[in-house]
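For the record, in the sequence shown the residue sitting at position 191 is 191 according to the UniProt record's numbering, with numbers rising by one throughout.
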Amino acid sequence: MSSGLDYEPLLHDDAKTALSDIASGRIEGVARPRTITKVVNSKTVFALLAGLLLYPAVSCIFGAISAVREPYVASDSVLSTSTEAVPLCETTDLLSVTAPRKNIWKNLSLKEATEIRSWLWETERGLNLTKSALATESDNAIFLIEAFTPRKSDALAYLDGGAAIPAKYAHSIINHGSSEEIIDYLIGPLPLSEKTTMRPLTEIYHRPDIPYNAHGFNPNGTAMGLLLAKTFGPLADVTMDLFGGVARGLANDTIIGGGNAPLSYDGTWRRMWMGLKLNVPGHYLFPLDIYTYFDVSGTDPALWHVIRMVYNNQTFASPEDFRAAWEKGELKRSKKPLLDDASGWASRSRVHKGSKRDLDERAGPRSVSFDGLRFRVDQEEQYITWMGFSFYLGFERDMGLNLWDIHFRGERIIYEITPQEAMAQYSGTDPHQATTVFLDRAFGMGQSVKELMVGYDCPSEAVYLPATIHTAAGSSTRLNAICVFEKDSTKPLSRHTGWLKDEMGAIKGYELTVRSISTVGNYDYLFDYTFQLDGTIEIRLSASGYLQGGVWNDKQADYGHQIRDTTMGSLHDHVINYKVDFDIAGTRNSLTAAMLEMEEISQPWVDEDWGRVSPIYRRRMIEVKADLRPISQTFSQQKIVRKKILTEDDSRLEYPKNMEGNYVISNEDAHNAWGNPRGYAIHPGASNIHLTNLNCKRTQDNVNWAKHHLSVTRRHDNEPSSSSLWNIHLPGKPTVDFYKFFDGESLDQEDLVVWLNLGTHHIPRAEDSPQTLTNVATSSVLLTPFNFNDYDVSMESMNAILLNAPKPGQVWDVDENGVKVPFCVPKKLKEFTYTGLLSFDEDGSPASPADVLEQRKIGEHVRSGSNQADLECDCSRVLARPPC
Ligand SMILES: [Cu+2]
């Protein structure tokens, strides 16, 4: 029963007193929380255990024992039972801040864009433009007007050096249907004046021309819909027989079309596989087993034609051949889709209304900042500050929301985070799935950004911000396109239970998220940027919406799962690329791979008990009377192997197997207090993948960024993006070939850009219907301080608790830094409304509100070669008045 104590714990003074009191028996029978026992040292713990055994004989000595038997304090004690009147919470209105500089990444205003449009329309420009709302394929029309990103050196001189604000430029993409070419023009300086000029913007592309056959989808495009009607109108009796529906180009059509991509290899032709679907809610999940390959090259729809048709894996050279086979009864029929299925399985209605879950009629918990919002927004400059972070927002047609000039605790850490591209490559036995590689930049993540559903897409108390774009459809502002909110991560960012002075407590895990959601045809993409108290930034992409459904038959089993009678979810890869331009302690940064490797090492303090000598080897060595000691002193362990990646020759990277190590961007000339280069690590989060299919003509050179987990290049103004809106249709000769960024340049203390991927290998299952779930279809990466600081700077947080052990019988010493959650009633939530799109015609005048069909046309057209809305548009345009 010796003490066994070989050290004196550095206890809080009060705790020492408590120990002394307990040991001396000066405290008896004092009711106290059981946790009091935790303040005692090991000796006392032993004593308490002994006391338990000997109780009650020695209970007078070990008075603390009685405390052990006391019940816990009830867990609901945090809820006040006060009956005092509850006041309304003081204002939770957004607090303003004035951005230190103008937002030089903001898109053009409606006024600026309208003025540029008018300027481009002037005859002096010689562009022979037709207003986009009236343009046909063979006309010249504006596709896009957008702010052009300033040079980084100019931007930094303005932000850091007090230089003049960089001259403002715009770029405008014009589809020259008359000459079958696309030109991206650089226009500036702005505002328009005699000094303003325009020239083709070529330095950011890798081919001199942008072929017309790679053009983006024109919201006024009609010819494809006409072609569909021309092909399937005469086959109405056939499609009615095989599928129970018709596609005649009429409003009451029960079959619509959907196209694939890419439509070209190098821009010399344009061809589309068109699939048909039933025109019902959730139509993406009602594919029909017929596929038509159209040649839609050039601008003359009269030359467009059917190349081939496939029905149930039988190939026909023309619609006439297909009809002939049907008439002769030679078709091997595929299963006809169920037309009497009224279950609404592909809709969002609650199909199983009878199986209510317990308490589900109650509204679930929601996030409320009782003490007022803790972030500030300069709404005019779209500048945000929160807990030491500050950054500007930008927004563009191609990829939507982006972030600029991210500072943490007063210094820039990242100059730019911009999403670059989002691809999805499918597999299957049919021509539609097997040929599809969508690159959604073409369809426009920004163009497809949607009004956020307050309280569903983001917390009710989030701050909602607008986004503006200027396209062929005119100008539009989504009032609630971006949400900003702080949330409780519901777990401490750090915590510890301890008994020595000032070692016990926790920091609340609060995070600030900036989110926007784009619905690109069938899919919904949630773009999240989340800031954390320690300086970590999480980039996350989650997906929902409808699968691109395939036609199910047994031969498709290798490519997905059946999810309904004739529908399957088809296997596909999503890969989403981001540009992260780190500026760690300045622009001169380096790339280090800090990897884990195993070593066999000998140490003189290792004995044979844990050393590495096999019994057989030992026996043999003893026989020859060899000295076993050096061998028996060997053991294995892991170690860090740091390797600088010096040039772009070695900077296309994979995350190590078993996540053994990470990549760090650091400034080798800036060190923390412990002599290590200040850096940020790229820490894989959920599902960090790269593209699986690395040997495909459809992804040959246009998605080279997708073929690695991440890549690092030296930053250049003429390498602003890893992709372009035309890359989708130019796999063989892309406008941006990412591999051309890699020309052996030094990465040693240069301005570096990390191009990293998120994504999922999406193996659809029944639970992907009706719609994919964001909990599994999600991917993330953490950019986290790595010796950037001298310690964890989230310790600054005042929303933290420090506990110290009390004197026996007294309450714990609690320090919450004076931060208390107010006892108050939050503001009443507004009734849910969903509006917020301001549309303007090309002349800047307010556009008349779109009806549902027009909205659907804009919303779904982007990923469909044709659909009902197109067909209806065709009717009205071609026949002057709609017969439909
Ligand atoms: Cu998917």
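For glycine and all other residues, C-beta sits at the position ideal for the given N, C-alpha and C. Predicted, not measured: the structure shown is a model, and the values here were computed from it.
- Message: On the criterion of 16 or more Cβ atoms from any shown chain inside 10 Å, does LYS707 qualify as buried, or is it exposed?
- Response: For the purposes of this step, residue 707 is identified with residue 707 of the sequence shown, where counting begins at 1. Looking at its Cβ environment, which holds 16 or more other Cβ atoms inside 10 Å, LYS707 is buried.
- Tell me which same chain residues have a C-beta within less than 8 Å of the C-beta of residue 890, skipping the five on either side of it? Outside the shown range of the chain, which is 1 to 884, sits residue 890, and nothing can be said about it.
- Item | CB contact below 8 Å: PHE143 versus chain C | This model lacks chain C altogether, as it is built from one protein chain only.
- Message: Determine whether the beta carbon atoms of PRO826 and PHE370 lie at a separation below 8 Å.
- Response: Indexing the sequence shown from 1 puts residue 826 at position 826. Indexing the sequence shown from 1 puts residue 370 at position 370. Pairing PRO826 with PHE370 gives a Cβ-Cβ distance under 8 Å.
- Query: Just reading off the beta strand (DSSP E) that VAL551 is part of, what are its end residues?
  - Reply: Position 551 of the sequence shown, counted from the first residue, corresponds to residue 551. DSSP places VAL551 inside the beta strand (DSSP E), whose first and last residues are 549 to 551.
- Query: Around the Cβ of THR149, are there at least 16 other Cβ atoms within 10 angstroms (buried) or fewer (exposed)?
  - Reply: Against the sequence shown, residue 149 aligns to sequence position 149. Flag for THR149 reads buried.
- Task: Classify HIS683 as helix, strand or coil using the three-state DSSP reduction.
- Result: Walking along the sequence shown from the start, residue 683 turns up at place 683. Reduced to three states, the DSSP call for HIS683 is strand.
- Residues bridged to TYR426 (per DSSP): On the sequence shown, residue 426 is found 426 positions in, with the first residue counted as 1. DSSP output for TYR426 lists HIS572 as bridge partner(s).
- Message: Rounded to whole angstroms, what is the Cα-Cα separation between ALA681 and SER602?
- Response: In the sequence shown, counting from the first residue as 1, residue 681 sits at position 681. In the sequence shown, counting from the first residue as 1, residue 602 sits at position 602. About 32 Å.
- Item | Cβ neighbour criterion (16 or more within 10 Å) applied to PRO419 | Position 419 of the sequence shown, counted from the start, is the residue given in the question as residue 419. Result: buried.
- Task: Enumerate in chain order the residues of its own chain whose CB-to-CB distance from PRO87 is below 6 Å, with the five nearest sequence positions on each side excluded.
- Result: Here residue 87 refers to the residue found at position 87 of the sequence shown. Within the same chain, PRO87 has close Cβ partners CYS824.
- Query: In terms of residue numbering, what span does the beta strand (DSSP E) encompassing THR114 cover?
  - Reply: By one-based count along the sequence shown, residue 114 stands at place 114. No beta strand (DSSP E) holds THR114; the alpha helix (DSSP H) holding it covers 110 to 121.
- Between the CA atoms of ILE142 and ASP841 - distance to the nearest angstrom: Residue mapping note: residue 841 aligns to position 841 of the sequence shown, counting from 1. Residue mapping note: residue 142 aligns to position 142 of the sequence shown, counting from 1. Taking C-alpha positions only, ASP841 is separated from ILE142 by approximately 13 Å.
- Item | Assigned exposure category for LEU54 - 16 Cβ within 10 Å defines buried | Sequence index remark: in the sequence shown, residue 54 carries index 54 (1-based). Low confidence applies to LEU54: its pLDDT is 36, below 50, so where it sits in the model is not reliable, and the reading given next is rough at best. Result: exposed.
- Bridge partners of ARG540, per DSSP? Looking up residue 540 in the sequence shown gives position 540. ARG540 is bridged by DSSP to ASP528, SER780.
- Taking VAL811 as the reference, give the member of LEU803, ASN817, GLY818 with the closest Cα. Locating residue 811 in the sequence shown gives position 811, where the first residue counts as 1. When only C-alpha atoms are compared, the closest one is LEU803.
- Query: Smallest Cα separation from PRO677: which of ASN704, THR592, LEU526, ASP457?
  - Reply: Residue numbering aside, residue 677 sits at position 677 when the sequence shown is read from its first letter. PRO677 has its Cα closest to that of THR592, out of ASN704, THR592, LEU526, ASP457.
- Query: Do you know how far the Cα of TRP105 is from the Cα of residue 898?
  - Reply: This structure cannot settle anything about residue 898, because the visible part of the chain is limited to 1 through 884.
- Sorted by chain position, which residues of the same chain lie with C-beta nearer than 6 Å to GLU719's C-beta, five sequence neighbours on each side aside? One-based indexing of the sequence shown puts residue 719 at position 719. Same-chain partners within the cutoff: PHE741.
- Query: Can you list, in chain order, the residues of its chain whose CB lies under 6 Å from that of TYR617, leaving out five sequence neighbours each side?
  - Reply: Along the sequence shown, read from residue 1 onward, the residue named residue 617 stands at position 617. Here the set comprises nothing.
- Three-way DSSP call (helix, strand, coil) for PRO466 in this model: Stepping through the sequence shown from its first residue, residue 466 is reached at position 466. If DSSP states are grouped into helix, strand and coil, PRO466 belongs with the strands.
- Query: So, ILE183 versus ILE210, is the Cβ gap smaller than 8 Å?
  - Reply: Within the sequence shown, the letter at position 183 stands for residue 183. Within the sequence shown, the letter at position 210 stands for residue 210. Yes, the Cβ-Cβ distance between ILE183 and ILE210 is below 8 Å.
- Kindly list the residues whose CB is nearer than 8 Å to the CB of ALA434, restricted to its own chain and excluding five residues on each side of it in sequence; keep chain order. Sequence index remark: in the sequence shown, residue 434 carries index 434 (1-based). The answer, listed in chain order, is TYR426, SER427, GLY428.
- Any non-hydrogen atom of ligand 1 within 7 Å of ALA424 CB: Within the sequence shown, numbered from 1, the residue matching residue 424 stands at position 424. A distance criterion of 7 Å places the beta-carbon of ALA424 in contact range of ligand 1, judged by its closest non-hydrogen atom.
- Message: For ALA214 and ILE728, what's the separation of their Cα atoms in angstroms?
- Response: On the sequence shown, residue 214 is found 214 positions in, with the first residue counted as 1. On the sequence shown, residue 728 is found 728 positions in, with the first residue counted as 1. If you take the alpha carbons of ALA214 and ILE728, they lie about 8 Å apart.
- So what does DSSP say about PRO287, is it helix, strand or coil? Taking the sequence shown and counting its residues from 1, the one referred to as residue 287 is at position 287. Correct three-state label for PRO287: strand.
- Task: Say whether the region 827 to 840 touches the region 454 to 470, bearing in mind that this needs 3 or more beta-carbon pairs closer than 8 Å, one atom from each stretch.
- Result: Because the criterion of three Cβ pairs below 8 Å is met, the region 827 to 840 and the region 454 to 470 touch.
- Item | Residue range of the beta strand (DSSP E) that includes LYS508 | Locating residue 508 in the sequence shown gives position 508, where the first residue counts as 1. From DSSP, the beta strand (DSSP E) with LYS508 extends over 504 to 520.
- Query: Mind pulling the alpha helix (DSSP H) runs of 4 or more residues that sit fully within the region 384 to 444?
  - Reply: List check, alpha helix (DSSP H) in window: 431 to 435.
- Query: What do you get for SER590, buried or exposed, if any count of 16 or more other CB atoms within 10 angstroms of its CB means buried?
  - Reply: One-based indexing of the sequence shown puts residue 590 at position 590. Its Cβ being crowded by 16 or more others within 10 Å, SER590 is buried.
- Query: So, helix, strand or coil for TRP326, using DSSP?
  - Reply: What you label residue 326 is simply residue 326 of the sequence shown in a count that begins at 1. TRP326 sits in a helix when the DSSP states are folded into three classes.
- Where DSSP assigns a beta bridge to PHE294, which residues make up the other side? Translated into the one-based positions of the sequence shown, residue 294 becomes position 294. Per DSSP, MET272, VAL306.
- Item | Simplified DSSP state of ASP160, which is helix, strand or coil | By 1-based counting over the sequence shown, the position of residue 160 is 160. Reduced to three states, the DSSP call for ASP160 is helix.
- Task: Pull up the DSSP beta-bridge partners for SER839, would you.
- Result: For the purposes of this step, residue 839 is identified with residue 839 of the sequence shown, where counting begins at 1. SER839 pairs with SER476.
- Message: Measuring alpha carbon to alpha carbon, tell me which residue in GLU327, VAL280, VAL449, VAL377 is nearest ASP93.
- Response: One-based indexing of the sequence shown puts residue 93 at position 93. Distances from the CA of ASP93 to each of GLU327, VAL280, VAL449, VAL377 were compared; the closest alpha carbon is that of VAL377.
- Message: Contact defined as beta carbons within less than 8 Å: I believe PHE395 pairs with GLY446. What is the distance between those atoms, to the nearest angstrom?
- Response: Stepping through the sequence shown from its first residue, residue 395 is reached at position 395. Stepping through the sequence shown from its first residue, residue 446 is reached at position 446. The Cβ separation is near 6 Å, so the contact holds.
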